[in-house]
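Peer 1:
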Amino acid sequence: MGHMIEILDFDLKVDRKAAWAEVNDFCRMNCDPYEFGGDVPEVLASPIEWETSRSVFGDLEAASDYLYARAVRNPYVPTAVRYRSDGTPSRRTLALIERLEKLRGELRAMQEKSLPKHRKSEYIGCPGCGSKLARVLLYDRYACPLCDHDLRSQSAVKSIDAKVERMAEVCKKLRESRVADGEKAPIRWAVIAEVHC
1 MGHMIEILDF DLKVDRKAAW AEVNDFCRMN CDPYEFGGDV PEVLASPIEW ETSRSVFGDL
61 EAASDYLYAR AVRNPYVPTA VRYRSDGTPS RRTLALIERL EKLRGELRAM QEKSLPKHRK
121 SEYIGCPGCG SKLARVLLYD RYACPLCDHD LRSQSAVKSI DAKVERMAEV CKKLRESRVA
181 DGEKAPIRWA VIAEVHC
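In full-length UniProt numbering, the protein residues as written are 1 to 197.
1. According to DSSP, simplified to helix, strand and coil, what is D25?
2. Please confirm whether R73 and S114 have their CB atoms less than 7 Å apart.
3. Put K102 into one of helix, strand or coil per three-state DSSP.
4. In whole angstroms, give me the CA-to-CA distance for T88 and V136.
5. Hey, L67 and V170 are a contact pair by Cβ (cut 8 Å); roughly how many whole angstroms apart?
6. Grab the span of the alpha helix (DSSP H) containing A71 for me, first residue to last.
7. Where does I7 land, buried or exposed, given buried means 16+ other C-beta within 10 angstroms?
8. Bridge partners for T79 per DSSP, in chain order?
9. How would you label G182, buried or exposed, when you count the other beta carbons within 10 angstroms and need 16 or more for buried?
10. Going straight from the alpha carbon of S159 to that of F26, what length do you get?
11. In three-state terms, what does DSSP make of D148?
12. Between L133, E112, G128 and C129, which lies nearest to E122 when the distance is taken from Cα to Cα?
As structure tokens, this is what we get:
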């Protein structure tokens with residue numbers, strides 16, 4: 001027992017009956033037929049609440065965050081909000097995407113290089129519990145299997161943390177850049193569909 005949630009995307013001038021029909025189809029396809037004695041009813045979704053008085057969200061992510069938070073307070077009620085779709089990416093956005101990919105590659109390389117399996121000694125001492133661990137049995141594990149203490153060097157951990165912080169800064173700038181790119185982009189509807197299954 002659980003439920004399925006999906007954010008459906010529609011054009012601003014969508015036929016509202018057609019949008020409701022798509023939400024209803026989503027609900028019918030993802031519900032548990034045993035809940036209804038084997039027969040799924042024709043109408044399963046509530047009418048969509050179109051929030052036309054609410055201001056337009058800057059991007060789909062912001063609209064989705066709002067819809068998910070609203071679904072917690074008001075479950076199983078399809079709700080529609082407007083958002084600006086992604087615009088044509090600017091040079092700044094493309095440069096930030098490239099920088100983020102480069103940082104991800106560097107982070108993966110740093111994490112791989114810092115694994116204890118790459119050390120030369122046969123046994124690795126755990127600073128947390130004092131155990132001696134066979135290097136060949138650690139595989140891709142970076143924590144002690146006994147006490148869960150980090151076996152990587154402190155400098156490696158600090159470098160990885162700094163790289164993660166830089167990635168977070170670039171992600172924030174990228175989101176801001178995408179919102180700026182979308183200021184002239186067309187407005188669309190985001191509709192949350194939820195069904196118990």
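All residues carry an ideal CB built from backbone N, CA and C; glycine is no exception.
Peer 2: On the basis of the data shown:
1. Here D25 sits in helix by DSSP.
2. Not closer than 7 Å, so no.
3. Here DSSP, grouped into helix, strand and coil, assigns K102 to helix.
4. Between T88 and V136, the C-alpha separation is close to 50 Å.
5. Actually they are not in contact, since the Cβ atoms of L67 and V170 sit about 27 Å apart, beyond 8 Å.
6. Counting along the chain, A71 sits inside the alpha helix (DSSP H) bounded by residues L60 to R73.
7. Exposed.
8. Looking at the DSSP assignment, T79 forms a beta bridge with E49 and I192.
9. Counting Cβ neighbours within 10 Å, G182 comes out buried, since at least 16 surround it.
10. The alpha-carbon of S159 is positioned some 46 Å away from that of F26.
11. Looking at D148 - three-state DSSP - the assignment turns out to be coil, as it is neither helix nor strand.
12. E122 has its Cα closest to that of L133, out of L133, E112, G128 and C129.
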